[in-house]
Amino acid sequence: MGFATFLHSLVAFDLVLNFLPATPEIRALWAVDGSVKALWLCFVAVGSSTVIAFGRAPRAGFALSLLATGCLYFASIGLWHEIKGGFWICIAANLVAAWGVWSNRAGSSAAA
34 MGFATFLHSL VAFDLVLNFL PATPEIRALW AVDGSVKALW LCFVAVGSST
84 VIAFGRAPRA GFALSLLATG CLYFASIGLW HEIKGGFWIC IAANLVAAWG
134 VWSNRAGSSA AA
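Take the sequence shown: its letters are residues 34 to 145, numbered as in this note's numbering.
So, in C-alpha cells, the structure goes:
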C-alpha cells in the first residue's frame with residue numbers, strides 16, 4: 034500500500050504544482066472534475082494513514098486500506114474509465130493485510 038500511495042502522491046502533487054510533463058494522461062488528469070481530483074487526494078491521504086495504522090492497529094490498517102482502495106477505484110473510473118495497474122497493486126496489498134490481520138488474530142486467540 035505504501036508503494037501505491039507513494040506513486041499516486043506524485044500525481045497528486047502535480048495537481049497543485051504542475052511539474053510532470055504534459056503527456057495526454059497528465060492533461061486528462063488536469064481536466065477532470067474536481068470530485069475525481071478529490072478522490073485521488075483522498076486516496077493519498079487515507080493510503081498514508083493506512084501505512085501508519087498497519088504497524089499500530091492492524092485491523093484499523095486493513096479497514097483503511099479498503100477505504101483507500103475504494104477511493105482509487107472511483108478515481109480511476111472517473112479519470113480513465115477503466116481500472117489501471119495501481120488498483121491491482123492495492124488489491125494485492127489488501128489481500129496481504131487481510132492475511133496479516135487473520136494470522137495475528139489466530140495467534141492472539143491461541144495465546145489466550
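Ideal placement from N, C-alpha and C gives every residue a C-beta, glycine not left out. What you are looking at is a predicted structure, and each value in this text was computed from that prediction instead of being measured.
Reduced DSSP secondary structure (H/G/I, E/B, other) of residue 70:
helix
Identity of the residue in 85, 91, 125, 69 nearest residue 107 by Cα:
69
Using CA coordinates, which residue listed in 56, 131, 54 is at the minimum distance from residue 90?
131
Measuring only the C-alpha atoms, how far is residue 83 from residue 63?
26 Å
Closest to residue 109 by CA distance: which of 123, 54, 46 is it?
123
From the DSSP output, in three-state form, read off residue 58 for me.
helix
Using a Cβ-Cβ cut-off of 8 Å (strictly less than) and excluding sequence neighbours within five positions of residue 51, which residues of its own chain qualify?
63
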